[in-house]
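Protein sequence lines, in the order shown, are assigned to chains E and L. Per the UniProt record's numbering, the first sequence starts with residue 1, numbered consecutively. Per the UniProt record's numbering, the second sequence starts with residue 1, numbered consecutively. For every residue, glycine included, the Cβ atom is placed at its ideal position computed from N, Cα and C. Source: prediction; values computed, not measured.
Number of protein chains: 2
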Amino acid sequence: MTTSRAPGHRERKKQQTREALSWAALRLAVERGLGDVLVEDIAAEAGVSPRTFNNYFSSKAEAIVWRQLDRLHRVTDLLRERPPAEPLWEAVTHAATTTFDHGESLPDQQWTTGVRLMLGESELQAELIRGGAAVEREVAAVIAERTGTDAGRDLYPLLAAAAIGAAIRSATEQWLRTDPPVPLPTLLRDALDALAAGLPAPE
Amino acid sequence: MTTSRAPGHRERKKQQTREALSWAALRLAVERGLGDVLVEDIAAEAGVSPRTFNNYFSSKAEAIVWRQLDRLHRVTDLLRERPPAEPLWEAVTHAATTTFDHGESLPDQQWTTGVRLMLGESELQAELIRGGAAVEREVAAVIAERTGTDAGRDLYPLLAAAAIGAAIRSATEQWLRTDPPVPLPTLLRDALDALAAGLPAPE
DNA sequence: CTTGAATTTGCGGGCCCCGCAATATTGCGG
DNA sequence: CCGCAATATTGCGGGGCCCGCAAATTCAAG
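Okay, structure coming up:
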């Protein structure tokens, strides 16, 4: 069987396994709650051995959170690609709203439930934010470059990146609890606008 | 021995044990790195059994982070006590700077090292922020009350609380890496001022 | 088909955290 | 001062996580 395909035949399979594990972990955790899911179960669901699970992820929480973090990394990438002349907040708003705009499809019920779970179980929150911190550092670097500040010395890039993270988290949390579903990009824009306006007391 | 003191004789001893455990955990982690500290060691250091450690803290990380979180809770308390008429950002700035103002004493070397460790080891970061999330909810509630918004429905209190958290974290991180030590309250004020001004791009 | 590299797997082991029941301590009323 | 009830501490046992290591399997390339 000379199924000679692209060079990344092996790579692709690894990526598939990773996806399968992450997805299985999320699905099972949604169904039963994180505490009642064993690594054994996740591995079985993905069709690999328990030992293999830990070759891909170093904890259950990391597996569950991986997809969401992947999204956040994409925000950074998008931000890098915005024209340097564009005002900072405009660029950020664009990058964030684009990333979290799932086309026309309303929030997939399964996905929504999953994220809701994440923000509920504090162990997952922690894992999510731990990864988010890494992303924030990237964002800070991009901001530093754009504004001509020094990410290593000035407070500004750090603070701005942290504030953006705060906006994304707040908007997401708000999104999860609005029953008549509001589009996430809209909430994101509101949050970022409020930030840029200095968080004036409402009313 | 009729050493009959205040009613909280028992309580005080528990609190002492808790302090001892948290401090021991922090000290050992600073010396050897978190990975090379066993619960057994911490318990020994504090003069209790290993099992008792877990009666006070449900993980090593929780023990180490406890003191810092205690500080954050105090910010909330202070904020509650500020006069309701005072503008929000003024009240927040006051509460935060007061809490982190260690009088004249320059940053205790030991303490500084400890905090630096925290922000280095990502497991501790995560634990710190997990606890911080609880505090943020409290802060959001206070803000909601002050501004007449609904913490359960409006985005504002959530966002403002998250932004304040971001400011505190950024200022702390900045504080840790400025070699000619700058007073933390000053950095905090800078960060909060920048937030209130809408994070204008510098220069 | 052979071969070398990459992946998966099983095993062993150290450690964490918790429930439970036995013990020890403490404050209180008699 | 004493015994009692409440509270805290301790030891034990056990399930589970995560990792290092080395054997086995898979895969691409010659």
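TODO: Please indicate yes or no: does the CB of residue 44/L lie closer than 7 angstroms to some heavy atom of the ligand NAP?
DONE: Among the ligands in the structure shown, none appear at all, so the ligand NAP cannot be discussed.
- [ ] Please report the residue range of the alpha helix (DSSP H) in which residue 139/L lies.
- [x] Here residue 139/L refers to the residue found at position 139 of the second sequence. Where residue 139/L is concerned, the enclosing alpha helix (DSSP H) stretches over 122-147.
- [ ] State buried or exposed for residue 149/L, treating a residue as buried only when at least 16 other CB atoms are found within 10 Å of its CB.
- [x] By 1-based counting over the second sequence, the position of residue 149/L is 149. Residue 149/L is buried by the Cβ-count criterion.
Task: For residue 154/E, the nearest candidate out of 26/L, 31/L and 202/L (CA to CA) - done: Along the first sequence, read from residue 1 onward, the residue named residue 154/E stands at position 154. Residue 154/E has its Cα closest to that of 202/L, out of 26/L, 31/L and 202/L.
Task: Exposure of residue 86/L, with buried meaning 16 or more beta-carbon neighbours within 10 Å - done: Residue 86/L sits at position 86 when you count from the first residue of the second sequence. Exposed is the call here.
TODO: Would you kindly work out how many angstroms separate the C-alpha atoms of residue 35/L and residue 139/E, rounded to a whole number?
DONE: By one-based count along the second sequence, residue 35/L stands at place 35. By one-based count along the first sequence, residue 139/E stands at place 139. Answer to the nearest angstrom: the Cα atoms are 29 angstroms apart.
Task: Cut-off 8 angstroms between Cβ atoms - residues of its own chain near residue 5/E, not counting five sequence neighbours on either side - done: To locate residue 5/E, count along the first sequence from 1; it is residue 5. Only weak support is given to the placement of residue 5/E: the predicted model assigns it a pLDDT of 46, under 50, and the question is left unresolved by the model.
TODO: Specify the secondary structure class of residue 91/L as computed by DSSP and reduced to three states.
DONE: Counted from its first residue, the second sequence places residue 91/L at position 91. It is helical.
- [ ] Whole angstroms is fine: what's the gap from residue 68/E's alpha carbon to residue 12/L's?
- [x] Position 68 of the first sequence holds residue 68/E. Position 12 of the second sequence holds residue 12/L. The straight-line gap from Cα to Cα measures roughly 44 angstroms.
TODO: Could you name the residues of chain E that residue 41/L contacts, counting a contact when the two beta carbons are closer than 8 angstroms?
DONE: Position 41 of the second sequence holds residue 41/L. Here the premise fails: no neighbours, minimum Cβ distance about 23 angstroms.
Open item on the list: Please state the DSSP three-state secondary structure of residue 190/E.
Closed with: As a position in the first sequence, residue 190/E is number 190, starting the count at 1. Residue 190/E: helix per DSSP, three-state reduction.
TODO: Pick helix, strand or coil for residue 10/L, following the three-state DSSP scheme.
DONE: Looking up residue 10/L in the second sequence gives position 10. Of the three classes helix, strand and coil, the one that applies to residue 10/L here is helix, per DSSP.
Open item on the list: Any contact between the segment 61-79 of chain E and the segment 26-45 of chain E? By contact I mean 3 or more CB pairs, one from each, below 8 angstroms.
Closed with: The segment 26-45 of chain E and the segment 61-79 of chain E touch, with three or more beta-carbon pairs separated by less than 8 angstroms.
TODO: Counting only the same chain and skipping the five closest in sequence on each side, list residues whose C-beta sits under 7 angstroms from that of residue 131/L.
DONE: To locate residue 131/L, count along the second sequence from 1; it is residue 131. Exclusion of the five residues before and after residue 131/L leaves 65 and 69 as the residues of its chain whose Cβ lies within less than 7 angstroms of its Cβ.
Task: Endpoints, alpha helix (DSSP H) assigned at residue 45/L - done: Taking the second sequence and counting its residues from 1, the one referred to as residue 45/L is at position 45. Counting along the chain, residue 45/L sits inside the alpha helix (DSSP H) bounded by residues 39-46.
TODO: Compare the Cα-Cα distances from residue 22/E to each of 10/E, 58/E, 9/E and 185/E and report the closest residue.
DONE: The residue labelled residue 22/E in the question sits at position 22 within the first sequence. Out of 10/E, 58/E, 9/E and 185/E, 58/E has the C-alpha closest to the C-alpha of residue 22/E.
Open item on the list: Please list, in chain order, the chain E residues whose beta carbon lies closer than 9 angstroms to that of residue 165/L.
Closed with: Numbered from its first residue, the second sequence carries residue 165/L at position 165. By Cβ distance, chain E contributes 162 and 166.
Task: Sequence-distant residues of its chain with Cβ nearer than 6 angstroms to residue 45/E (five each side left out) - done: Along the first sequence, read from residue 1 onward, the residue named residue 45/E stands at position 45. So the qualifying residues of the chain are 24.
Task: Local Cβ density within 10 Å of residue 47/L, reported as buried at 16 or more and exposed below that - done: For the purposes of this step, residue 47/L is taken as residue 47 along the second sequence, with counting starting at 1. Residue 47/L comes out exposed.
TODO: Measuring only between beta-carbons, confirm whether residue 5/L sits less than 8 angstroms from chain E.
DONE: As a first step, residue 5/L is located in the second sequence; it is residue number 5 there, counting from the start. At residue 5/L, the pLDDT of 43 sits below 50, so the modelled position is not reliable and the matter cannot be decided from this model.
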